[in-house]
Amino acid sequence: MAISLSNFLLPISSLLTIVRCATVTYDFDVSWTYANPDGLYNRPVIGINGQWPIPTIRVTKGDQLVVNVKNSLGNETTSLHFHGLYMNGSTHMDGPDQVTQCAIQPGGSFTYNFTVDQPGTYWYHSHVRGQYPDGLRGAFIVDDPDDPHKDLYDEEIVLTFSDWYHDMMPNLLAFFVSVANPSGAEPVPQSALVNETQNLQVKIEPGKTYKFRMVNIGAFAAQYVWFEGHTMRVIEVDGVYTEPAEASMIYMTAAQRWSVLVTAKNSSDANFAFVGAMDQDLFDVVPEGLNSNVTGWLVYDEGKEMPTPQEVEAFEPFDDFGLVPVDGEELYDHVDHTIQLDLKMDNLDDGANYAFFNDITYVHPKVPTLYTVLSTGENATNPAIYGSNTNQFVLEANQVVEIILNNDDPGKHPFHLHGHAFQVVSRSEDEAGFYDAATAGDFPQRPMRRDTVLVHPNGNIVLRFRSDNPGVWLFHCHIEWHVASGLVATIIESPLDIQSQLQGKIPQDHLQACKDGNVPMEGNAAGNTVDLEDLSGENRSPGTLPEGFTARGIVALVFSILSAFLGMAVIAWYGLKI
Ligand SMILES: [Cu+2]
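Mapped onto mature numbering (1 follows the signal peptide of the UniProt record, and there is no 0), the consecutive letters of the sequence shown carry residue numbers -21 to -1, 1 to 557.
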C-alpha cells in the first residue's frame, strides 16, 4: 500500500515542480506606433508588437523569464531594465546601456534571460537615455503561490499611474540639458494617466476585497492616490510584503509600487471616483489650464453616474517610513562600509544645469562598466579604472553597506538602487540639512525595505543593505530628467565574484550589440587595455564654471546673447527696408 501511494504521489510532486519553475517567453518587437491617451494630442509612441500600452509581463516566483527583444525603432537604440528584480547571478541582464550592456542598435536583437526568484509588483522600462517616457514602460507582476496575504483578498487589479508629455523625449531633453535652460527647469507633463488612459472604469462587485497593485511608471511626477469612500490597507511596497497598514491617501513617487487592499461596499447604490493627482510642488511653473489629476471609477453599477471627484483640501499622505516588513528582517546595526552622497544641482561651463553627487555629474564610460569588470582581472577592485565621471564605489562581498544621501537641493527626489531592496533606516523632514548621527534619533528595529525611496527637499536619507548580490548596480534618482542631468552613481559589488560568475558567459547577442554600436568591450572606462590607470580619452562632463559664476549670471548671459541677436536682426531688417 505504501509503495503504491508513493508511486501515485511522485508524479504530482514532480508536476508541481514543473508548474512552479516554468520558462516564460516573450517576443517583443519594439517599434513606433501612434497613440492619444489623454484625448488631446496624437503622437508617436514606442510600442511592442504594434501595441501601446505595452503588455504586462507576468510570471510566477521561480520562473525562468526569456524576453527576446527586436529593435525595430529605426532611429533610436533601446534596452530593457526590469525594475526591482535582483538579477542574482545575472547582472548582465539588468538593462542600463553602457553599464551592464551595450544599447541595442536599430535592427538588432537581444535576449534577456534570467530567473525570477522574488514575488511582488515590479515594472520594466527602457534604460537608455530618457527613452521610457515615450512609451516603453509597463507593469511586471510576479505571482506568489505562498503569498502571506492571499486569504485577505478575492481579486487583484493592476493600476499603473503615469505622467504624459505631448512632445517627444529627444526634443525635451535637448532643451532640458542646454544653455537655454540654465536653471534646470524640468518639462512639465501635459497630463496624468492611469493604465495609460483616462476615465478608467474598474468593475467592482459588492462585498469583495480587491488587491490593487499600483505602479508609478511615470517620468517625473509623483502622484497622490486615493479612493473616494474607501480605505486602503497597504500590504506591499516595491516587492516587500508589509504588515497591513491603513491609509486614506498614498504618495507614490516615480518608480514606486504600492499594493493596497480595498474592500468594496456591500451595496451597488453608487459608483466611486479614484484619483491620481500629480504633485505640483515638483513643477517649477504650473502651466495655466494644466489638469494635473487623472480620474477613474470603482464601478458598482454601470447604469449609475460616474461622480466628479471632490476637491481635496490638503494632501496628507500616508508615511511609508513606518511600514514593517512581514519577514521581520532586523535592522543591520553594524555598518562595514559607508557611502556618502551629497546631492546638488549646478551649472557647468557649457551653461547647462547638471545634477551632482559629491561634485561629480555622471557621464557614461566608453566601455560598459560590467565589461570593464570582466576584462581587467584583479584590477577590477580598483575604483580608479571605472572613470572620472561615473561616481563609482567598489564593494566587498557580504558587508553591510550604508548610503547616506544629503539632498542639498530644494527638490524632492525618489532614489532607486538596482539589484537590492534597502532598509530605510532614517529619513529627515524637509530642510533638515545634512545627516547628523548625533541628532537623527533611533533607527527602527525592523525598518521598511523598498527599492525606491523619497528624499525630502534639503533633507537626508540613510539606507542600508548587505552586499550579497555581485553585480554592477546603478543608484540614481528616478526622475528621468535627473538621470539625464547626471544624478547617477555606480555600485560595483564584489567584482571578482562577478568575474567568476560571468567571465566568458556574456551571450553572443550582447557582444554583437557592442560591435553594432562600435562600443569597445575591454579595458578601463576609456577603453585603455594596457595602462588601466590611464583614462586619457575617456568621456568627461563639461568643465566647471569660474568661481562666483552663478546660474543667474548664465541667465543674464543667455539673455544678453539673445538680445544681441535680436538687435542685429532688427538692424538687418531695418537695413533691408531702406
Ligand atoms: Cu531627482
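The beta-carbon is built from N, C-alpha and C at its ideal position, and this holds for glycine as well.
If you draw a straight line from the C-alpha of Ser238 to the C-alpha of Thr188, how long is it? Distance between the alpha carbons of Ser238 and Thr188 is about 13 Å.
Spatial neighbours of Gly508 within its chain, please: CB distance less than 6 Å, with the 5 preceding and 5 following residues excluded, ordered by chain position. Note on residue identity: the sequence assigns Thr, not Gly, to residue 508. When the five nearest sequence neighbours on each side are left out, the beta carbons in the same chain lying within less than 6 Å of the beta carbon of Thr508 are those of Glu501 and Gly502, in order along the chain.
What's the C-alpha gap between Trp143 and Ala200? One Cα belongs to Trp143, the other to Ala200, and the distance between them is close to 10 Å.
Under the three-state DSSP convention, the category His455 falls into: In the structure shown, the three-state DSSP call for His455 is strand.
Report whether the distance from the Cβ of Gly109 to the nearest heavy atom of ligand 1 is below 7 Å. Not one heavy atom of ligand 1 is found less than 7 Å from the C-beta of Gly109.
Just to confirm, is the Cβ distance from Ser170 to Trp205 under 8 Å? In terms of Cβ geometry, Ser170 and Trp205 do not form a close pair [threshold 8 Å].
Beta-carbon within less than 6 Å of Phe262's beta-carbon, same chain only, minus the 5 sequence neighbours each way: which residues are those? Cβ neighbours of Phe262 beyond the five flanking positions: Val167.
Identity of the residue in Arg236, Ser446, Asp6 and Ser162 nearest Ser51 by Cα: Ranking Arg236, Ser446, Asp6 and Ser162 by Cα distance to Ser51 puts Asp6 first.
As assigned by DSSP and simplified to three states, the class of Gln289: Note: Gln289 maps to coil in three-state DSSP.
Mind checking Asn178: buried by the 16 CB within 10 Å criterion, or exposed? Burial is judged here by how many other beta carbons sit within 10 angstroms of a residue's own beta carbon; Asn178 has fewer than 16 and is exposed.
Does the beta-carbon of Leu320, which I'm using as the reference point, lie nearer than 7 Å to any heavy atom of ligand 1? Answer for Leu320: no, Cβ out of range of ligand 1.
DSSP on Ser238, reduced to helix/strand/coil? In the three-state reduction of the DSSP assignment, Ser238 falls in the strand class.
Give the list of continuous beta strand (DSSP E) stretches no shorter than 3 residues that lie fully inside the stretch 287 to 356. The qualifying runs are 316 to 326 and 332 to 336.
For Ile196, collect the residues of the same chain with a Cβ closer than 6 Å to its Cβ; drop the 5 residues on either side in sequence, then sort them by chain order. So the qualifying residues of the chain are Trp102, Arg116, Thr139 and Ser141.
Close beta carbons around Leu133, own chain, < 6 Å, minus the five adjacent residues each side: The displayed chain sequence assigns Asp, not Leu, to residue 133. Apart from sequence neighbours up to five positions away, the residues of its chain that approach Asp133 with a beta-carbon distance below 6 Å are Lys187 and Thr188, ordered along the chain.
For Ile339 and Ile470, I'd like the C-alpha separation in whole angstroms. Rounded to the nearest angstrom, the two C-alpha atoms are 15 Å apart.
Tell me whether Leu131 sits in a helix, a strand or coil according to DSSP, three-state version. Leu131 falls in the helix class under three-state DSSP.
In whole angstroms, give me the CA-to-CA distance for His313 and Val498. When rounded, the separation of the alpha-carbon atoms in His313 and Val498 is 41 Å.
In terms of alpha-carbon separation, which member of Ser10, Gly41 and Asn15 lies closest to Ile27? Ranked by how close their Cα comes to the Cα of Ile27, the residues Ser10, Gly41 and Asn15 have Ser10 in first place.
Taking all protein chains shown into account, decide if Val95 is buried (16 or more other Cβ within 10 angstroms of its Cβ) or exposed. Sixteen is the threshold: when 16 or more other Cβ atoms of the shown chains lie within 10 Å of the Cβ of Val95, as they do, the residue is buried.
By the DSSP assignment, the alpha helix (DSSP H) with Gln371 in it spans what residues? Here Gln371 belongs to no alpha helix (DSSP H); instead the beta strand (DSSP E) covers Gln371 to Leu374.
Around the Cβ of Asp513, are there at least 16 other Cβ atoms within 10 angstroms (buried) or fewer (exposed)? When all chains shown are included, Asp513 counts as exposed.
Is the beta carbon of Thr221 less than 8 Å from the beta carbon of Val137? The answer is no: Cβ separation not under 8 Å.
Assigned exposure category for Val265 - 16 Cβ within 10 Å defines buried: Taking all protein chains in view, the Cβ of Val265 is surrounded by fewer than 16 other Cβ atoms within 10 Å, so the residue is classified as exposed.
Using the DSSP secondary-structure output, state which residues sit across from Leu384 in a beta bridge. Paired residue(s): Leu320 and Ile440.
Let me confirm a value: Arg428 is counted as buried when at least 16 other C-beta atoms fall within 10 Å, else exposed. Which label applies? So Arg428 counts as buried.
Residue(s) in a DSSP beta bridge with Asp6: Answer is Asn47.
Nearest by alpha-carbon distance to His489: which of Asp126, Ala400, Thr90 and Asn270 is it? Answer by Cα proximity: Thr90.
Could you check which residue in Leu384, Tyr350 and Tyr365 has the C-alpha nearest to that of Ile477? Ranking Leu384, Tyr350 and Tyr365 by Cα distance to Ile477 puts Tyr350 first.
Among all residues, which have a Cβ less than 6 Å from at least one non-hydrogen atom of ligand 1, and in what chain order do they fall? Cβ atoms closer than 6 Å to ligand 1 belong to His392, Cys456, Ile458, His461 and Leu466.
First through last residue of the beta strand (DSSP E) which encompasses Met231: Here the beta strand (DSSP E) through Met231 covers Ile229 to Met231.
State the DSSP-derived secondary structure class of Trp31, mapped to helix, strand or coil. Coil at Trp31, not helix or strand.
Taking all protein chains shown into account, do 16 or more other C-beta atoms lie within 10 angstroms of the C-beta of Asn15, making it buried, or fewer, making it exposed? Exposed, because fewer than 16 other Cβ atoms sit within 10 Å of the Cβ of Asn15.
Taking Lys129 and Pro185 to be in contact with their CB atoms under 8 Å, please state how far apart those CB atoms are, rounded to whole angstroms. Between the beta-carbon of Lys129 and that of Pro185 there is about 21 Å, and that puts the pair past the 8 Å contact cut.
With respect to the beta strand (DSSP E) encompassing Ile36, which residues constitute its N-terminal and C-terminal limits? Ile36 to Thr39 is the extent of the beta strand (DSSP E) around Ile36.
Tell me the DSSP secondary structure of Ile364 in three-state form. Assignment of Ile364 by DSSP, reduced to helix, strand and coil, places it in the helix class.
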